[in-house]
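**Student:** So the sequence lines, in the order shown, correspond to chains A and B. For the first sequence, the working numbering gives the first residue as 5, with consecutive numbering after it. For the second sequence, the working numbering gives the first residue as 120, with consecutive numbering after it. Dropping the structure in here first, questions after.
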Amino acid sequence: MNASICPVIETRGLSKSYRGVQALKALDLQVQPHSICGFLGPNGAGKTTAIKLLLGLAQPTGGGGRVFGKDIVKENDEIRRRVGYLAQDPRFYDYMTARETLRFVARFFYAGPRAAIEQRIAETLELVGLADKADRPIKGFSGGERQRLGIAQAQVNYPDLLILDEPAASLDPIGRRDVLEVLCRLRKHATVFYSTHILDDVQRVSDTVVILNKGQLVAQGPIEELMARGQAAAFTLTVKGDSAPVEARLRSQPWVTGIEVMSKNGRVSWQIRVSDPDLAEVELVPLVLAGGGVTVCEFERNHQNLEDVFLSIVQGDKP
Amino acid sequence: MNANETLLIPSRVRGWSMGLANMLAKENTAWWRTRRWWLVCLVTLVLLNGNIWLNARGDIRIERNGVVFLEMAAMVVSIVAISLGQDAILGERHSGTAAWVLSKPLRRPAFILAKLGAHALGLLATGIVLPGAVAYYQLAAYGWRDLSPAGFAGALGLAYLNVLFYLTLAVMLATLVNGRGPVLGITLLVLMSGMMQFLLRPILNHAPWLTKVMPWMLVTGIDSKPSLGASLAVGDPLLTVAPIIATVLWCVLFTGVAMWRMRREEF
Numbered sequence: 005m006n007a008s009i010c011p012v013i014e015t016r017g018l019s020k021s022y023r024g025v026q027a028l029k030a031l032d033l034q035v036q037p038h039s040i041c042g043f044l045g046p047n048g049a050g051k052t053t054a055i056k057l058l059l060g061l062a063q064p065t066g067g068g069g070r071v072f073g074k075d076i077v078k079e080n081d082e083i084r085r086r087v088g089y090l091a092q093d094p095r096f097y098d099y100m101t102a103r104e105t106l107r108f109v110a111r112f113f114y115a116g117p118r119a120a121i122e123q124r125i126a127e128t129l130e131l132v133g134l135a136d137k138a139d140r141p142i143k144g145f146s147g148g149e150r151q152r153l154g155i156a157q158a159q160v161n162y163p164d165l166l167i168l169d170e171p172a173a174s175l176d177p178i179g180r181r182d183v184l185e186v187l188c189r190l191r192k193h194a195t196v197f198y199s200t201h202i203l204d205d206v207q208r209v210s211d212t213v214v215i216l217n218k219g220q221l222v223a224q225g226p227i228e229e230l231m232a233r234g235q236a237a238a239f240t241l242t243v244k245g246d247s248a249p250v251e252a253r254l255r256s257q258p259w260v261t262g263i264e265v266m267s268k269n270g271r272v273s274w275q276i277r278v279s280d281p282d283l284a285e286v287e288l289v290p291l292v293l294a295g296g297g298v299t300v301c302e303f304e305r306n307h308q309n310l311e312d313v314f315l316s317i318v319q320g321d322k323p
Numbered sequence: 120m121n122a123n124e125t126l127l128i129p130s131r132v133r134g135w136s137m138g139l140a141n142m143l144a145k146e147n148t149a150w151w152r153t154r155r156w157w158l159v160c161l162v163t164l165v166l167l168n169g170n171i172w173l174n175a176r177g178d179i180r181i182e183r184n185g186v187v188f189l190e191m192a193a194m195v196v197s198i199v200a201i202s203l204g205q206d207a208i209l210g211e212r213h214s215g216t217a218a219w220v221l222s223k224p225l226r227r228p229a230f231i232l233a234k235l236g237a238h239a240l241g242l243l244a245t246g247i248v249l250p251g252a253v254a255y256y257q258l259a260a261y262g263w264r265d266l267s268p269a270g271f272a273g274a275l276g277l278a279y280l281n282v283l284f285y286l287t288l289a290v291m292l293a294t295l296v297n298g299r300g301p302v303l304g305i306t307l308l309v310l311m312s313g314m315m316q317f318l319l320r321p322i323l324n325h326a327p328w329l330t331k332v333m334p335w336m337l338v339t340g341i342d343s344k345p346s347l348g349a350s351l352a353v354g355d356p357l358l359t360v361a362p363i364i365a366t367v368l369w370c371v372l373f374t375g376v377a378m379w380r381m382r383r384e385e386f
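Below you can see the structure in the form of structure tokens.
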């Protein structure tokens, strides 16, 4: 395999069970370099377990995996040298200040020189908007400030891979926006693998999406591909006039699989599900207008968002 | 990456000591840049040196006053060691900071060694050397004219070895169990068994050899035999060195088990 397309994260049948309960079932995962990969799943889906396995904080009970081509069990030291990690509920030493925390983390990665380390710390504090609070003890930090510090410590070593477990969980909308900007900025230098519940964020910044449900991988791929699969071949058509014969005509088409009808203000709106969306896109309007008696007010192909796709997948209704 | 990136020198430490120096520096900071050091100083000076001062006002012999100081030092500082040792591991495991630091380039044995190293150094300075130095001048001032500095230092060394036993025991137990209760219960039971003859007597009736393999005789006299620390302080020959060797071996064993267990810990 060409080195340039060698995945940053690759797992094969990665499994983990705790006292007989299967938390992760045979995960086959691939994350490509310089991508932002959103790791989705409902609570208890196994996301944090998978992340901990990649970092060596837990041992797999089956299968295995590689990060940067290094075995996640046997060569974990080398993996951790190139990874920045933010835990779901980041905890730090409360007696330290933000600057001291970053200094502590940076010294795991760098031997010196002191001035360059301090410069890196200052840049990182600036990046996450904590420069003005750098020398205050963490004990007095709000949840959002702790989260920002968590992001800062995860990327103070400019990691090749950033693993973030719910990075925007306790941030306000401005904080969330800042985090997304940081992720986008880092894309040039690093691969970002992050779990989240905020699907809107994933849709905005991610290249690829991995969806877990009940410990099992249920979807994986580029976000556009997933969204396209998720467009459940449906159209909205709103007409004015005598709609009954038109509806009967539509229902008689073999490629129409269902119609939901809503009436409002003398207009009838149909949600038309079809088996052949390309044919439907061409045929629907001419078919409606063919008999006369109605005017088309609105016609569009339905676009599902990631939330629709996610919900349909985890509720067992794969698109 | 910016120009700064090229200036930074990556850490090249590999193997068991990866991250040890940084973690040890952090642990030393936790000792000396928080209130911990002066709290321990305060406790030991008030309880240990205060007790010498009180005894000197009674009719207790000065040599006995010195021996009581050693016994109390071994007990009080060991209790501090147990408290700090269990919290060093369980506190970090429970709060999530252990998982955080172990996601960095830090080996798990280095995590344990940094905790032990910093606590051993902190307790030596605040629990043994400082009150010991004050006690030496107190005892000399109250009339122990022929108190040998070397003998007294040797006795303090044995008290410190006793402290290390309980520190390593507490750290090992904290890696093996998840609750503070069992760790505190077991360590304090072992400590009190040595200190209180009514607890020790039934045990020794069944297993008299325990006095040779446990640290109790280091600073506590048993069955009218003086403790090894008392013998050193008054300049008498040691009755046996077996408890010294055994305690060193226990400390090494406890540290080894703690490192082995930590390698298997899941977060």
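Ideal Cβ positions, reconstructed from N, Cα and C, are used throughout, including at glycine. It should be emphasised that the depicted structure is a prediction, and the values quoted were computed from it without experimental measurement.
Name, in chain order, the residues that DSSP records as bridge partners for A/T101.
**Tutor:** Here residue 101 of chain A corresponds to residue number 97 of the first sequence, with the count starting at 1. DSSP lists A/P141 as partners of A/T101.
**Student:** Per DSSP, what kind of secondary structure is B/I179 in: helix, strand or coil?
**Tutor:** The residue labelled residue 179 of chain B in the question sits at position 60 within the second sequence. B/I179 falls in the coil class under three-state DSSP.
**Student:** Work out the CA separation of A/D32 and A/A237 for me, nearest whole Å.
**Tutor:** Your numbering for residue 237 of chain A matches position 233 in the first sequence. Your numbering for residue 32 of chain A matches position 28 in the first sequence. Rounded to whole angstroms, A/A237 to A/D32 spans 29 Å at the Cα level.
**Student:** Is A/V196 near A/I40, with beta carbons less than 8 Å apart?
**Tutor:** Locating residue 196 of chain A in the first sequence gives position 192, counting from the first residue. Locating residue 40 of chain A in the first sequence gives position 36, counting from the first residue. Result yes, Cβ atoms of A/V196 and A/I40 sit closer than 8 Å.
**Student:** Give a yes or no on whether 8 Å exceeds the smallest Cβ distance from B/K331 to chain A.
**Tutor:** Locating residue 331 of chain B in the second sequence gives position 212, counting from the first residue. Not closer than 8 Å to any Cβ of chain A, the Cβ of B/K331 fails to qualify, so no.
**Student:** Within this structure, are the beta carbons of A/K2 and A/T65 separated by less than 8 Å?
**Tutor:** The requested residue 2 of chain A does not occur in the structure, where chain A is confined to residues 5 to 323.
**Student:** Report the three-state DSSP secondary structure of A/Y325 (helix, strand or coil).
**Tutor:** Residue numbering for chain A in the displayed model covers 5 to 323; residue 325 of chain A lies beyond these limits and cannot be assessed.
**Student:** Decide if the stretch 220-234 of chain A is in contact with the stretch 244-253 of chain A; the criterion is three or more beta carbon pairs, one per stretch, under 8 Å apart.
**Tutor:** Contact between the stretch 220-234 of chain A and the stretch 244-253 of chain A is absent, because fewer than three Cβ pairs lie under 8 Å.
**Student:** How do the stretch 332-344 of chain B and the stretch 295-315 of chain B stand: do at least 3 beta-carbon pairs fall below 8 Å, yes or no?
**Tutor:** In short, these stretches touch, since the Cβ pair count reaches three.
**Student:** Taking only three categories from DSSP, how would you classify A/V132?
**Tutor:** The count along the first sequence starts at 1 and reaches residue 132 of chain A at position 128. Note: A/V132 maps to coil in three-state DSSP.
**Student:** Determine which residues share a DSSP beta bridge with A/T242 and list them.
**Tutor:** For the purposes of this step, residue 242 of chain A is taken as residue 238 along the first sequence, with counting starting at 1. For A/T242, which the question treats as bridged, DSSP gives the partners A/S273, A/E302.
**Student:** Are there any heavy atoms of the ligand SAM lying less than 7 Å away from the beta-carbon of A/V87, as far as the coordinates show?
**Tutor:** Ligands are entirely absent from the displayed structure, and the ligand SAM is therefore not among its contents.
**Student:** Can you name the start and end residues of the alpha helix (DSSP H) that A/E251 belongs to?
**Tutor:** Here residue 251 of chain A refers to the residue found at position 247 when the first sequence is read from its first residue. Element bounds for A/E251: 248-255.
**Student:** I'd like to check one pair, B/S130 with A/L113: are the Cβ atoms closer than 8 Å?
**Tutor:** Mapped onto the first sequence, residue 113 of chain A falls at position 109. Mapped onto the second sequence, residue 130 of chain B falls at position 11. Checking the sequence shown, residue 113 of chain A turns out to be Phe, not Leu. Closer than 8 Å, so yes.
**Student:** Given a cut-off of 8 Å on the beta-carbon distance, is the pair B/A377 and B/T294 in contact?
**Tutor:** Counting from 1 along the second sequence, the entry for residue 377 of chain B is found at position 258. Counting from 1 along the second sequence, the entry for residue 294 of chain B is found at position 175. Against a cut-off of 8 Å, the Cβ pair of B/T294 and B/A377 comes out as a contact.
**Student:** Where do the N-terminal and C-terminal ends of the beta strand (DSSP E) with B/K145 fall, by residue?
**Tutor:** Numbered from 1 along the second sequence, position 26 holds the residue referred to as residue 145 of chain B. First-last for B/K145: 139-151, but that is the alpha helix (DSSP H), not the beta strand (DSSP E).
**Student:** Alpha helix (DSSP H) containing A/T53: first to last residue?
**Tutor:** Counted from its first residue, the first sequence places residue 53 of chain A at position 49. Run containing A/T53: 51-59, per the alpha helix (DSSP H) assignment.
**Student:** My parser needs the alpha helix (DSSP H) runs of 4 or more residues fully inside the stretch 149-204 of chain A; what are they?
**Tutor:** The qualifying runs are 177-190.
**Student:** If you check the beta carbons only, do B/F284 and B/W369 fall under 8 Å apart?
**Tutor:** What you label residue 284 of chain B is simply residue 165 of the second sequence in a count that begins at 1. What you label residue 369 of chain B is simply residue 250 of the second sequence in a count that begins at 1. In this structure, B/W369 lies closer than 8 Å to B/F284 by Cβ.
**Student:** Comparing C-alpha positions only, which one of A/S210, A/E251, A/P258, A/R277 sits nearest to A/S267?
**Tutor:** As a position in the first sequence, residue 267 of chain A is number 263, starting the count at 1. The shortest Cα separation from A/S267 among A/S210, A/E251, A/P258, A/R277 belongs to A/E251.
**Student:** Count the C-beta pairs between the stretch 164-178 of chain A and the stretch 87-107 of chain A that are closer than 8 Å, then say yes if the count reaches three, no if not.
**Tutor:** Short answer: they touch.
**Student:** Tell me whether A/P281 sits in a helix, a strand or coil according to DSSP, three-state version.
**Tutor:** Here residue 281 of chain A is taken as the residue at index 277 of the first sequence, counted from 1. Here A/P281 sits in helix by DSSP.
**Student:** Classify B/L358 as buried or exposed, calling it buried when 16 or more other Cβ atoms lie within 10 Å of its own Cβ.
**Tutor:** For the purposes of this step, residue 358 of chain B is taken as the residue at position 239 of the second sequence. Its Cβ having fewer than 16 others within 10 Å, B/L358 is exposed.
**Student:** Under 7 Å, CB to CB, which of the residues in the stretch 339-357 of chain B have a partner in chain A?
**Tutor:** So nothing in the stretch comes that close.
**Student:** Just to confirm the assignment, what range does the alpha helix (DSSP H) spanning A/V87 have?
**Tutor:** Mapped onto the first sequence, residue 87 of chain A falls at position 83. Looking at the DSSP string, A/V87 is not in any alpha helix (DSSP H); the run it does join, the beta strand (DSSP E), is 87-90.
**Student:** For A/P226, return the contacting residues in chain B, with the cut-off set at a CB-CB distance below 7 Å.
**Tutor:** As a position in the first sequence, residue 226 of chain A is number 222, starting the count at 1. Chain B residues near A/P226: none, gap ~27 Å exceeds 7 Å.
**Student:** Going by the beta-carbon positions, is the gap between A/N306 and A/T240 smaller than 8 Å?
**Tutor:** Working through the first sequence from its first residue, we reach residue 306 of chain A at position 302. Working through the first sequence from its first residue, we reach residue 240 of chain A at position 236. Contact flag set, yes.
**Student:** Give, in chain order, every residue of the stretch 136-148 of chain B whose Cβ lies closer than 9 Å to some Cβ of chain A.
**Tutor:** From the stretch 136-148 of chain B, only M137, G138, A140, N141, M142, A144, K145, T148 have a Cβ closer than 9 Å to chain A.
**Student:** Which residue's Cα is closest to the Cα of B/T245: B/R176, B/V371, B/T163, B/N147?
**Tutor:** Start at 1 with the first residue of the second sequence, and residue 245 of chain B comes out as number 126. Out of B/R176, B/V371, B/T163, B/N147, B/T163 has the C-alpha closest to the C-alpha of B/T245.
**Student:** Give the single residue among A/Q151, A/I178, A/E170, A/Y22 whose Cα lies nearest to the Cα of A/R95.
**Tutor:** Within the first sequence, numbered from 1, the residue matching residue 95 of chain A stands at position 91. Here the closest residue by C-alpha is A/Q151.
**Student:** When the Cα of B/A207 is compared with those of B/L280, B/A289, B/L126, B/A252, which residue comes out closest?
**Tutor:** Here residue 207 of chain B corresponds to residue number 88 of the second sequence, with the count starting at 1. The residue with the shortest Cα to Cα distance from B/A207 is B/A289.
**Student:** In the DSSP assignment, find the alpha helix (DSSP H) that holds B/A377 and state where it starts and stops.
**Tutor:** If you number the second sequence from 1, residue 377 of chain B lands on position 258. B/A377 -> alpha helix (DSSP H) spans 361-383.
**Student:** What residues in the stretch 219-246 of chain B have a beta carbon less than 9 Å from any beta carbon of chain A?
**Tutor:** Result list: W219, V220, L221, S222, K223, P224, L225, R226.
**Student:** How big is the Cα-Cα spacing for A/K51 and B/A272?
**Tutor:** The sequence position of residue 51 of chain A within the first sequence is 47, counting from 1. The sequence position of residue 272 of chain B within the second sequence is 153, counting from 1. Spanning the two alpha carbons is a distance of roughly 56 Å.
**Student:** Would A/A232 pass as an interface residue toward chain B - the criterion being a Cβ-Cβ separation below 8 Å?
**Tutor:** Indexing the first sequence from 1 puts residue 232 of chain A at position 228. It does not; no Cβ of chain B falls within 8 Å.
**Student:** Taking only three categories from DSSP, how would you classify A/C10?
**Tutor:** Working through the first sequence from its first residue, we reach residue 10 of chain A at position 6. If DSSP states are grouped into helix, strand and coil, A/C10 belongs with coil.
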